[in-house]
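Reading through the structure tokens given below for one structure.
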Amino acid sequence: MRPHRERPVAVEINDRARDLFRLLVEQYLKSVEPVGSKAISELPSVSVSSATVRSVMSDLEAIGLVRSPHTSAGKVPTQQGLRFFIDSLLYVKPMNNALARNLRGELREAQSPSELVSRASQLLARVSRLAGVVTTPKPELTELRQVEFLKLSGSKVLAILVVNEREVQNRVIEPKREYAESELREASNFITREYAGRSLVSIRRDLLHSMEVDKDRVDRLMQMALDVAGKAFETDEEEVDYVVEGERNLMTFLSSSKEVQELLDAFTRKSAIVHLLDRCMGTEGVQLFIGTESGYEPFEDYSLVSSTYEVDGRVAGMLGVVGPTYMAYQELIPLVDVTSRLLGSAIEGAHH
């Protein structure tokens with residue numbers, strides 16, 4: 001299995017160079033230290049001298065796949081080198097069945113879609129020992145089962161929405177005028193009877209459409225329902241929300257309190273994070289953003305392994321793991337892939 005990438009890095013090198021480069025990256029990802037030519041030449045699978053390895057590494061440095069962090073040190077892969085390794089040389093093994101069963105079992109303990117999203121984020125963070133991020137399902141996938149309107153002080157109303165079978169949402173709204181308890185009960189019954197099983201987005205759209213095309217003939221009950229339910233069902237169809245767990249796991253890779261604070265702040269900048277997550281949602285399946293590829297400056301020293309998840313055959317959201325660029329991609333790619341499939345199936349079960 002390989003993660004999706006629209007334009008793989010194109011590099012022309014011979015088989016020996018590919019093999020030695022692959023070994024260098026594998027050793028680097030294990031040790032997170034520069035890898036010397038002598039260390040590579042002593043590996044059981046290598047039959048060339050350290051001088052030959054050094055010559056090959058010099059060629060690889062010339063084309064931008066490796067660099068020397070210090071004059072006397074060995075080599076480390078560049079961002080371009082990591083991208084080439086992942087696109088062309090990385091072999092990803094399927095996740096072991098025991099771990100997959102554990103993930104499935106833990107997700108089953110959650111009841112509602114919001115609980116499932118939180119649980120998935122926790123699982124990603126715990127298994128990866130990095131940061132897990134999961135977006136909530138798109139608003140158009142939130143289906144109404146029942147609604148109840150309760151009168152509060154003045155014209156304020158508490159809307160209690162039962163959505164996706166088990167999830168309850170409470171929203172305080174303020175309609176255009178004050179309604180009696182009997183009117184609110186009548187509106188609740190009408191909305192539940194006419195619109196149960198449809199998404200909040202489509203219900204509000206239909207109510208507004210009815211008012212626009214036949215305003216004079218819309219009866220009192222419909223007008224009341226539109227006034228109350230229209231506000232209760234307000235939602236941004238493009239809105240993306242997300243849950244992050246394990247940000248503090250990344251502190252291990254930072255050397256100062258300033259870096260820690262900057263990273264924690266980075267996860268709270270909703271508009272920037274949402275922009276990055278939107279890019280992830282643009283392509284189905286597993287994909288990677290390495291370093292500067294994310295376009296988000298605070299993540300320039302990090303990578304994101306992400307995947308969309310589907311509900312009823314439609315892309316509903318995404319999930320992923322954020323960690324240093326030298327993380328264990330061969331383990332994280334199947335983790336993200338399997339978790340995305342399990343989450344989608346679990347949300348489908350919660351819906352039905």
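Counting along the sequence shown from 1, when you hit position 328 you're at 328 in my numbering, and nothing is skipped either side. Heads up, the beta-carbon is just placed ideally off N, CA and C, and yes, glycines get one too.
For the segment 240–291, which segments carrying the alpha helix (DSSP H) assignment without a break, of at least 4 residues, lie completely within its bounds, in sequence order? 257–266, 270–281
Going by CA-CA distance only, name the one from V133, T252, R22 that's closest to L65. In the sequence shown, counting from the first residue as 1, residue 65 sits at position 65. Checked all of V133, T252, R22; the closest Cα to L65 is R22.
So is V32 buried or exposed if we call it buried at 16+ other beta carbons inside 10 Å? Here residue 32 refers to the residue found at position 32 of the sequence shown. The residue is exposed, with fewer than 16 neighbouring Cβ atoms inside 10 Å.
Proximity to S307 [Cα-Cα], best of V168, V286, S128: What you label residue 307 is simply residue 307 of the sequence shown in a count that begins at 1. Nearest of V168, V286, S128 to S307, Cα basis: V286.
DSSP has M318 in a bridge; who is on the other side? Here residue 318 refers to the residue found at position 318 of the sequence shown. T308, per the DSSP bridge assignment.
Helix or strand or just coil, what does DSSP make of V218? Counted from its first residue, the sequence shown places residue 218 at position 218. Residue placement at V218 cannot be trusted, given a pLDDT of 48 that sits under 50; what the coordinates show is reported in the next sentence. In this structure, V218 counts as coil in the three-state DSSP scheme.
What are the residues that DSSP puts in a beta bridge with E148? Residue 148 sits at position 148 when you count from the first residue of the sequence shown. DSSP, once it has assigned bridges, lists I160 as partnering E148.
Mind listing, in chain order, the continuous alpha helix (DSSP H) runs of no fewer than 4 residues lying wholly within the segment 51–99? 79–84
Residue burial classification, G295 (beta-carbon count within 10 angstroms, cutoff 16): The sequence position of residue 295 within the sequence shown is 295, counting from 1. G295 should be labelled exposed.
If you run the structure through DSSP and keep just helix, strand and coil, what is T192? In the sequence shown, the residue the question calls residue 192 occupies position 192. Reduced to three states, the DSSP call for T192 is helix.
Pop quiz: N170 and S112 are said to be a contact at Cβ under 8 Å. What is the actual Cβ separation, rounded to whole angstroms? The sequence position of residue 170 within the sequence shown is 170, counting from 1. The sequence position of residue 112 within the sequence shown is 112, counting from 1. That belief does not hold up - the Cβ atoms of N170 and S112 are roughly 14 Å apart, past 8 Å.
Evaluate contact between the segment 150–161 and the segment 263–270, counting only Cβ atoms and requiring at least three cross-stretch pairs below 8 Å. no
Where L179 falls: helix, strand or coil (DSSP): Locating residue 179 in the sequence shown gives position 179, where the first residue counts as 1. Looking at the sequence provided, one finds Tyr at residue 179 rather than Leu. Three-state DSSP puts Y179 in coil, outside helix and strand.
Among residues of its own chain, excluding the 5 on either side of T136, which ones have a beta-carbon nearer than 8 Å to its beta-carbon? Within the sequence shown, residue 136 is the residue found at index 136, counting from 1. Around T136: P113, S114, V117, V240, D241, Y242, V243, G317.
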